[in-house]
Each structure stands twice: as structure tokens, then as C-alpha cells.
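Asks: Numbering-wise (full-length UniProt numbering), the sequence shown opens with residue 1 and increments by one.
C-beta: ideal position from N, C-alpha, C; glycine also.
It should be emphasised that the depicted structure is a prediction, and the values quoted were computed from it without experimental measurement.
Mind looking over this structure? Questions follow.
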Amino acid sequence: MKERRRNDVIFSKDDKSIWRCKYCSTEYRESGGTTVMANHLMQQHNVNISSAQEARTTSMQANIAEAFKNARQGPEYKRRCLSGGAATQELDPAVFEQLGAPND
């Protein structure tokens with residue numbers, strides 16, 4: 001019998017393609033998706049095979065949630081953040097005049 005390689009396609013007795021776990025040799029029938037296999041690897045072997053796309057999606061969802069949280073804090077939130085949290089101050093006309101404002 002020929003030695004099987006890792007990427008060889010394996011068929012069941014009823015000629016269906018199957019996936020065999022390399023950690024425990026559990027077999028699942030392939031039906032077009034990877035959810036069952038990914039769940040098995042995570043639950044049984046603590047192996048996370050999340051893709052880069054899933055990581056980006058999770059990051060974007062967190063950023064959107066943060067933006068909505070900040071928006072609920074009120075319209076002054078952005079102004080406070082940009083000014084370093086300092087309260088806004090009125091401009092003193094005497095200081096403005098000393099800075100060289102033109103006289104009318």
C-alpha cells in the first residue's frame with residue numbers, strides 16, 4: 001500500500017471525500033466548508049486557525065464599537081480629546097492686543 005501524504009485526498013467507503021485530523025485521526029466528511037474542522041481543532045486541540053481576514057474583521061468591529069461608544073459621550077468628546085482634556089478658555093482681549101492684532 002502506498003504511503004499517504006498530508007495533503008492526499010482520502011475517500012470513505014461510500015466514495016465521499018473525508019478530512020482526517022492529524023492530531024487524533026478523527027474523521028469528518030467534507031461538505032464544502034471548514035467550520036466543523038476549525039471547531040474540532042479549537043475545542044479538542046486548542047489550535048486556532050483563524051485567518052488574517054477574521055483578525056481584520058474582529059479589529060474593525062472593535063473600532064466601530066469604540067466609535068459608537070465615543071459618539072454617545074456627547075459632542076464635546078472630540079474637542080476635549082484634541083485639546084488634551086483642558087477646558088476651553090476665553091481669549092483675553094488685552095493678551096490678543098499685545099500679540100499684535102491690528103487696531104481698527
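(1) Taking the alpha helix (DSSP H) that Ser-17 belongs to, which residues open and close that run?
(2) Where do the N-terminal and C-terminal ends of the alpha helix (DSSP H) with Glu-66 fall, by residue?
(3) Hey, is the segment 41-59 in contact with the segment 18-27, meaning 3+ C-beta pairs nearer than 8 Å?
(4) Who does Tyr-28 pair with in a DSSP beta bridge?
(5) Please list, in chain order, all residues of the same chain as Ser-17 whose beta carbon is under 8 Å from its beta carbon, the five residues on each side excluded.
Replies: So, to answer that:
(1) Here Ser-17 belongs to no alpha helix (DSSP H); instead the beta strand (DSSP E) covers 17-20.
(2) Where Glu-66 is concerned, the enclosing alpha helix (DSSP H) starts and stops at 52-72.
(3) Yes, the segment 41-59 touches the segment 18-27.
(4) BP columns for Tyr-28 point to Trp-19.
(5) Answer for Ser-17: Val-9, Ile-10, Phe-11, Arg-29 and Glu-30, listed in chain order.
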